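Q:
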Amino acid sequence: MTTWLCLDIGDKRIGLAAGNDQARLARPLRVLIRGSKEQDFEAIVRVVNEVGADALLVGLPLNMDGSEGPQAKRVRKYAERLRRRLNLPLVYHDERLSSFVADEILAQKPRRKDRRIPNDAIAAAAILQSFFDQLSQQHPTIGD
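If you read the sequence shown in our numbering, its first letter stands for residue 72, the second for the next number, and so on.
(1) Would you mind reading off the limits of the beta strand (DSSP E) that contains N91?
(2) For N190, count neighbouring C-beta atoms within 10 Å of its own C-beta (all shown protein chains included) and say buried if the count is 16 or more, exposed if not.
(3) Would you give the residue range spanned by the alpha helix (DSSP H) that A197 belongs to?
(4) Nearest to L96 by alpha carbon, out of T73, D111 and E109?
(5) Would you mind working out which of I198, A88, Y149 and A197 sits nearest S107, comparing C-alpha positions?
(6) Return the first residue and the last residue of the beta strand (DSSP E) that L131 is part of.
(7) By Cβ distance, which residues of its chain are closer than 6 Å to F202, with the 5 residues on each side in sequence left out?
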């Protein structure tokens, strides 16, 4: 069983979600407000230890045609530095529709009018769940 930590890396925030490939159920964790890379990495290390992550999944912001633009290149560079710091396996997964899914989920939940709820952690969970769903299609378990 592998426990995955999923990161939805943005310019201002990083959404975090976790789950394992046995249960194949993603759960949103929290949103980190970006600081310096060192501050970000220290916070992520704490979460890795907290959830017992064995691997990282990073949402890759592809263009709608599937190509990689400047943001995808920045995410890859950041994630590769993080991977070297943590010495964990790293997998990228298409995140093109994750923010849309997160917005849809939030629209269904009541929330306080005076506070915007960041959808980054929910988007990270949507990325991880998409990854698990793809695993299920490729490698169904007995009883699926």
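Every residue, glycine too, gets a C-beta built ideally from N, C-alpha and C. Values in this document were obtained by computation on a predicted structure and should not be read as measured data.
A: Concretely, from the data shown:
(1) It spans R84 to N91 - the beta strand (DSSP E) in which N91 sits, taken as one unbroken run.
(2) Flag for N190 reads buried.
(3) That run of the alpha helix (DSSP H) goes D191 to Q209.
(4) Selected option, being the one with the closest Cα: T73.
(5) Put simply, of I198, A88, Y149 and A197 the residue whose alpha carbon is nearest the alpha carbon of S107 is Y149.
(6) Per DSSP, L131 is one residue of the beta strand (DSSP E) stretching across A126 to L131.
(7) So the qualifying residues of the chain are L128 and H164.
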